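S.K.: Taken in sequence, the protein lines are chains A and B.
Per numbering that gives the first Met the number 0, residue 0 is the first one in the first sequence, and the count goes up by one each step.
Per numbering that gives the first Met the number 0, residue 0 is the first one in the second sequence, and the count goes up by one each step.
2 protein chains.
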Amino acid sequence: MTGTVHGVGVGPGDPELMTLKAFRLISGAEVVAYPILEASESFARSVAAKVMSPAVKEIPITVPMSTRRAPAQAAYDRGSDAIATELEADRDVVVLCEGDPLFYGSFMYLHSRLSGRFRVEVVPGVNSVTACAAALGRPLVARNEALTIIPGTLPEAELEHRIAGADAVAIMKVGRHLEKIRRVLARLGRAETAGYIERATLANQKVLPLGEAPGPAPYFSMILVGRKVDPWL
Amino acid sequence: MTGTVHGVGVGPGDPELMTLKAFRLISGAEVVAYPILEASESFARSVAAKVMSPAVKEIPITVPMSTRRAPAQAAYDRGSDAIATELEADRDVVVLCEGDPLFYGSFMYLHSRLSGRFRVEVVPGVNSVTACAAALGRPLVARNEALTIIPGTLPEAELEHRIAGADAVAIMKVGRHLEKIRRVLARLGRAETAGYIERATLANQKVLPLGEAPGPAPYFSMILVGRKVDPWL
């Protein structure tokens with residue numbers, strides 16, 4: 000008998016936006032694991048902290064700050080080994096994931112390492128795109144429209160090309176790319192319908208028209224661009 | 000004093016995928032409202048049914064089956080009037096929404112009618128796209144990739160154009176468009192990496208490679224198409 004890995008989305012930040020299933024699994028967990036960027040705090044752990052049992056065993060997976068791939072891969076190798084040790088002793092492991100585990104999440108690195116040998120279950124969570132739409136109070140996408148979700152980290156020309164052909168757009172990972180994104184949206188005539196959201200659902204949430212967003216933006220920031228026609232219904 | 004409208008996402012189907020906040024608001028609600036297609040059942044109500052107080056007052060908003068716009072608009076006019084009556088008596092109203100309220104949801108029709116006069120709060124929910132990725136057990140989108148979400152109802156040429164330029168793709172509202180979508184994906188050489196998911200998170204959930212999906216598909220079905228390179232990591 001071996002344990003099960005549960006990749007559990009904890010939602011966008013407000014602990015009350017955890018699902019009932021996430022709450023049940025996290026509060027009942029004997030072992031939790033989470034990735035943590037070197038020299039920072041785990042956001043997923045901070046969302047789930049009040050729900051975790053005081054006796055829980057924690058497996059932090061420290062991922063080095065580096066654009067090189069090998070050091071991060073080695074960190075996920077060590078993390079999945081530590082998780083595998085628990086699973087082999089028939090203990091389940093809950094992996095805490097920001098937002099949703101399979102939506103731009105690092106859970107895939109553990110999933111790919113463990114899913115061949117162990118049972119892996121994924122519990123979807125509220126993702127940041129819908130949380131930002133709720134904060135802005137505008138429909139994200141409707142009827143026959145398409146929604147394009149793109150990272151703001153893309154090169155300027157590619158960003159422009161993708162947004163030019165799109166209906167509604169959510170631009171993730173704004174951070175230090177704010178000015179580049181503003182230029183692109185201004186050139187496309189779509190800056191007017193764009194909203195800026197920072198730390199959605201947290202106490203220090205900010206919601207502003209794009210033109211008023213102060214730079215630099217934090218990593219947890221997003222820009223939502225209305226549809227071309229009848230922007231927000 | 001007037002009440003507040005809460006547009007509450009109940010998630011993709013499994014009641015345990017409601018958020019803690021949805022649970023709190025629905026179980027404490029004196030009045031709930033929900034749209035219901037003529038001659039069918041409200042999916043959102045069925046997800047929330049066990050959580051609702053037996054004494055709750057229900058406002059079903061019956062939307063006629065029609066492709067014409069005016070009858071549906073009239074139904075939302077009547078529904079928002081009924082909700083407004085409660086709000087004016089200082090009672091809060093919880094509107095039950097499938098998945099997430101602002102993601103292809105009819106909540107926007109109530110939002111646009113009520114938000115000028117009353118306080119409207121939106122509680123985001125787990126949407127069907129991430130629920131289907133969890134059912135499939137594959138990363139939806141990662142790193143610098145884009146995710147395009149499109150309705151399968153689009154004309155064949157437009158569907159092909161949009162998918163041709165996209166990384167990962169989620170095709171919603173498959174239903175009777177299954178064969179058309181299969182043709183498009185085959186022509187683009189992307190049928191092999193596509194997964195078909197029906198009634199995600201419900202007891203009768205089905206997950207199949209696209210080639211094995213039997214038609215006709217129910218309304219609650221989706222196709223997820225892997226990224227062009229390194230499809231599922």
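Beta carbons: idealized from backbone N, C-alpha and C, even for Gly.
This one's a predicted model, so the numbers in the text were calculated from it and none came from an experiment.
Go ahead and label Thr18(A) buried or exposed: buried means 16 or more other beta carbons lie within 10 angstroms of its beta carbon, across all protein chains shown.
M.R.: Per the 10 Å Cβ criterion, buried.
S.K.: How far does the beta strand (DSSP E) with His5(A) in it extend, from its first residue to its last?
M.R.: Where His5(A) is concerned, the enclosing beta strand (DSSP E) stretches over Thr3 to Gly8.
S.K.: According to DSSP, simplified to helix, strand and coil, what is Thr200(A)?
M.R.: Three-state DSSP puts Thr200(A) in coil, outside helix and strand.
S.K.: Closer than 7 Å by beta-carbon distance: list the chain A residues that pair up with Ala156(B), in chain order.
M.R.: By Cβ distance, chain A contributes nothing, its closest Cβ being about 14 Å from Ala156(B), past 7 Å.
S.K.: Would you call the CB atoms of Val173(A) and Gly151(A) closer than 7 Å?
M.R.: Cβ distance < 7 Å, so Val173(A) and Gly151(A) count as in contact.
S.K.: Check whether the Cβ of Val50(A) lies closer than 7 Å to any Cβ atom in chain D.
M.R.: Reference to chain D is not applicable here, since the protein chains of this structure are A and B.
S.K.: Would you verify that the beta carbon of Ala212(A) is, or is not, closer than 7 Å to some beta carbon of chain B?
M.R.: Cβ-Cβ to chain B under 7 Å: no for Ala212(A).
S.K.: Of all the residues that make up the region 54-82 of chain B, which are near chain A by a beta-carbon distance shorter than 7 Å?
M.R.: Going along the region 54-82 of chain B in chain order, one finds no residue with a Cβ nearer than 7 Å to chain A.
S.K.: With DSSP collapsed to three states, give me the class of Gly214(A).
M.R.: In this structure, Gly214(A) counts as coil in the three-state DSSP scheme.
S.K.: Does any CB atom of chain B fall closer than 7 Å to the CB of Glu159(A)?
M.R.: False, the Cβ-Cβ gap to chain B never drops below 7 Å.
S.K.: Which residue wins for smallest C-alpha separation from Ala38(B), given the options Ser65(B), Glu29(B), Glu155(B) and Glu57(B)?
M.R.: Per the Cα distances, Ser65(B).
S.K.: How is Leu232(B) classed by DSSP in three states: helix, strand or coil?
M.R.: Its pLDDT being 39, under 50, Leu232(B) is placed unreliably by the model, and nothing is read from it.
S.K.: Can you tell me where the beta strand (DSSP E) with Leu223(B) in it begins and where it stops?
M.R.: Here the beta strand (DSSP E) through Leu223(B) covers Ser220 to Val224.
S.K.: Thinking just about the alpha-carbon of each residue, which of Val4(A), Leu109(A), Tyr75(A) and Arg226(A) is nearest to the one in Asp89(A)?
M.R.: Ranking Val4(A), Leu109(A), Tyr75(A) and Arg226(A) by Cα distance to Asp89(A) puts Val4(A) first.
S.K.: Return no unless some Cβ of chain A is closer than 7 Å to the Cβ of Asp99(B).
M.R.: Output row for Asp99(B): interface = yes.
S.K.: With a threshold of 7 Å on Cβ separation, who are the neighbours of His176(B) within its own chain once the five nearest residues in sequence on each side are excluded?
M.R.: Same-chain partners within the cutoff: Gly151 and Thr152.
S.K.: Taking the beta strand (DSSP E) that Arg118(B) belongs to, which residues open and close that run?
M.R.: Where Arg118(B) is concerned, the enclosing beta strand (DSSP E) stretches over Arg118 to Val122.
S.K.: Is the CB of Met221(B) under 7 Å away from at least one CB in chain A?
M.R.: Answer no: the Cβ-Cβ gap between Met221(B) and chain A never drops below 7 Å.
S.K.: Taking Cβ positions only, does Ala141(A) come closer than 7 Å to chain B?
M.R.: Chain B, which has a Cβ nearer than 7 Å to the Cβ of Ala141(A), makes this yes.
S.K.: Quick one: what's Val93(B) bridged to in DSSP?
M.R.: For Val93(B), which the question treats as bridged, DSSP gives the partners His5(B) and Val31(B).
S.K.: Report yes if the C-beta of Pro34(B) is less than 6 Å from at least one heavy atom of the ligand SAH; otherwise report no.
M.R.: Ligands are entirely absent from the displayed structure, and the ligand SAH is therefore not among its contents.
S.K.: Any idea what DSSP makes of Gly151(A), helix, strand or coil?
M.R.: It is coil, neither helix nor strand.
S.K.: Would a C-beta distance cut-off of 7 Å place Ala165(B) and Val93(B) closer than the cut-off?
M.R.: It is not a contact, given that the beta carbons lie outside the stated cut-off.
S.K.: Flag this pair as touching only if the region 8-24 of chain A and the region 43-61 of chain A have three or more C-beta atom pairs under 8 Å; answer yes or no.
M.R.: Contact holds: three or more Cβ-Cβ distances are below 8 Å.
S.K.: Under DSSP, the beta strand (DSSP E) around Thr61(B) begins and ends at which residues?
M.R.: That run of the beta strand (DSSP E) goes Lys56 to Val62.
S.K.: When DSSP labels each residue in this structure, what does Lys172(B) get in the three-state scheme?
M.R.: Lys172(B): coil per DSSP, three-state reduction.
S.K.: Write down the C-beta distance between Ser79(A) and Arg112(A) rounded to the nearest angstrom, noting that I regard them as a contact closer than 8 Å.
M.R.: About 4 Å separates the two Cβ atoms, so the contact holds.
S.K.: Output yes if chain B places a C-beta closer than 7 Å to the C-beta of Glu15(A); else output no.
M.R.: So, interface residue.
S.K.: Among Thr147(B), Ile35(B) and Gly10(B), which has the Cα closest to the Cα of Ile25(B)?
M.R.: Nearest C-alpha to Ile25(B): Gly10(B).
S.K.: Cutting at 7 Å between CB atoms, please list the residues of its own chain near Ala74(B), excluding the five before and the five after it.
M.R.: Taken in chain order, the residues that qualify are Ile60, Thr61, Val62 and Pro63.
S.K.: Below 8 Å on C-beta distance, what does Ala130(A) contact in chain B?
M.R.: The answer, in chain order, is Pro123.
S.K.: Can you tell which of Phe106(A), Ala21(A) and Gly2(A) has its C-alpha closest to the C-alpha of Leu86(A)?
M.R.: Checking every option, the nearest Cα to that of Leu86(A) belongs to Gly2(A).
S.K.: DSSP puts Val280(A) in a beta bridge; with which residues?
M.R.: It is not possible to answer for residue 280(A), since the shown part of chain A is limited to 0 through 232.
S.K.: Need the endpoints of the alpha helix (DSSP H) that Leu135(A) sits in, please.
M.R.: Run containing Leu135(A): Ser127 to Leu135, per the alpha helix (DSSP H) assignment.
S.K.: Based on the DSSP secondary-structure assignment, which residues constitute the bridge partners of Lys205(B)?
M.R.: Bridge partners of Lys205(B): Glu197(B).
S.K.: Looking at Thr200(B) and Ala130(B), is the spacing between their C-beta atoms short of 7 Å?
M.R.: Against a cut-off of 7 Å, the Cβ pair of Thr200(B) and Ala130(B) comes out as a contact.
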